[in-house]
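Peer 1: Residue numbers (our numbering): 29 to 186.
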Amino acid sequence: MASAWGLGAVAKRATAEEAPAVPVGPTTLTLHGRHRPTPPRGPLGGRSGGGSIASYGDLLDGPDGSPVGEFYANGLGLETAFGPSVPAVSCVEFQTFQLPDGVLFGVGAGGGAGAQRTWAVLGGTGRFAGARGSYVEREVSVAPAGRGAVEFILTLTA
29 MASAWGLGAV AKRATAEEAP AVPVGPTTLT LHGRHRPTPP RGPLGGRSGG
79 GSIASYGDLL DGPDGSPVGE FYANGLGLET AFGPSVPAVS CVEFQTFQLP
129 DGVLFGVGAG GGAGAQRTWA VLGGTGRFAG ARGSYVEREV SVAPAGRGAV
179 EFILTLTA
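(1) When we look at the beta-carbon of Q144 and count the other beta-carbons within 10 Å, is it buried (16 or more) or exposed?
(2) Where P128 and E107 are concerned, what is the direct C-alpha to C-alpha distance, given to the nearest angstrom?
(3) Under DSSP, the beta strand (DSSP E) around S80 begins and ends at which residues?
(4) Return the CA-CA distance between G176 and G158, expressed in angstroms with no decimal places.
(5) Rounded to whole angstroms, what is the Cα-Cα separation between Q123 and G53?
(6) By Cβ distance, which residues of its chain are closer than 8 Å to V131, with the 5 residues on each side in sequence left out?
(7) Could you spell out the range, first to last residue, of the beta strand (DSSP E) harbouring Q126?
(8) Quick check on this structure: which residue in A186, G61 and R166 has the alpha carbon closest to the alpha carbon of P91?
(9) Going by beta carbon distance, what residues of the same chain come within less than 8 Å of V135, once the five residues before and after it are set aside?
(10) Could you tell me which uninterrupted alpha helix (DSSP H) segments, each at least 4 residues in length, are contained entirely in the stretch 131-166, listed from first to last along the chain?
(11) Check P91 in the structure and name its three-state DSSP category.
(12) Output the distance between the C-alpha atoms of T185 and L88, rounded to the nearest integer angstrom.
(13) Whose C-beta lies closer than 8 Å to the C-beta of G93 among residues of the same chain, with five residues either side of it excluded?
(14) Does DSSP put L59 in a helix, in a strand, or in coil?
This is the structure in structure tokens:
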């Protein structure tokens, strides 16, 4: 009897009348990233470990803002006779945005370091569950590519 009453309470809460309004149209979220230094992994400071890259940093609420989360990037590519091909466009990179109210996942082709790149939003968890869309990543500092500041402009749809 108690379980039937509990189901009735859940059914009542799930009515359209009480459901929160779903935003109409895309939502834009702008985040600013500050790369954390990564120690060199190969001779003379070069990368090692085949055609892979990894980086991470803090997500900020503005260009010089307070931390609101973290981002992580992992890229895979072909090993060539001349060394790793990352960040060539034939490679793939996965990005994760860890925020207090959920996680967003993105994927895209590698590309020239320091270039503006467009990524696909694969989905997310928490507040971002079911999210789709795309985002632009743009280097915004004069530091060497992958070491300075970056801006992420996400356009999300449900």
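Glycine included, C-beta positions come from ideal geometry on N, C-alpha and C.
Peer 2: A quick look at the data gives this:
(1) Along the sequence shown, one-based indexing puts residue 144 at 116. Per the 10 Å Cβ criterion, exposed.
(2) Taking the first residue of the sequence shown as 1, we reach residue 128 at position 100. Taking the first residue of the sequence shown as 1, we reach residue 107 at position 79. About 37 Å.
(3) Counting from 1 along the sequence shown, the entry for residue 80 is found at position 52. Where S80 is concerned, the enclosing beta strand (DSSP E) stretches over S80 to L88.
(4) Taking the sequence shown and counting its residues from 1, the one referred to as residue 176 is at position 148. Taking the sequence shown and counting its residues from 1, the one referred to as residue 158 is at position 130. Their Cα atoms are separated by approximately 31 Å.
(5) Here residue 123 refers to the residue found at position 95 when the sequence shown is read from its first residue. Here residue 53 refers to the residue found at position 25 when the sequence shown is read from its first residue. If you take the alpha carbons of Q123 and G53, they lie about 24 Å apart.
(6) Counting from 1 along the sequence shown, the entry for residue 131 is found at position 103. Here the set comprises T124, F125, G152, T153, G154 and F156.
(7) What you label residue 126 is simply residue 98 of the sequence shown in a count that begins at 1. Q126 -> beta strand (DSSP E) spans V120 to L127.
(8) Here residue 91 refers to the residue found at position 63 when the sequence shown is read from its first residue. For P91, the nearest C-alpha among the options comes from G61.
(9) Residue mapping note: residue 135 aligns to position 107 of the sequence shown, counting from 1. Answer for V135: V120, E121, F122, Q123, W147, A148 and L150, listed in chain order.
(10) none
(11) One-based indexing of the sequence shown puts residue 91 at position 63. If DSSP states are grouped into helix, strand and coil, P91 belongs with coil.
(12) Counting from 1 along the sequence shown, the entry for residue 185 is found at position 157. Counting from 1 along the sequence shown, the entry for residue 88 is found at position 60. Using only the alpha carbons, I get a separation of about 22 Å.
(13) As a position in the sequence shown, residue 93 is number 65, starting the count at 1. Excluding positions up to five away in sequence, the list reads H60.
(14) For the purposes of this step, residue 59 is identified with residue 31 of the sequence shown, where counting begins at 1. Looking at L59 - three-state DSSP - the assignment turns out to be strand.
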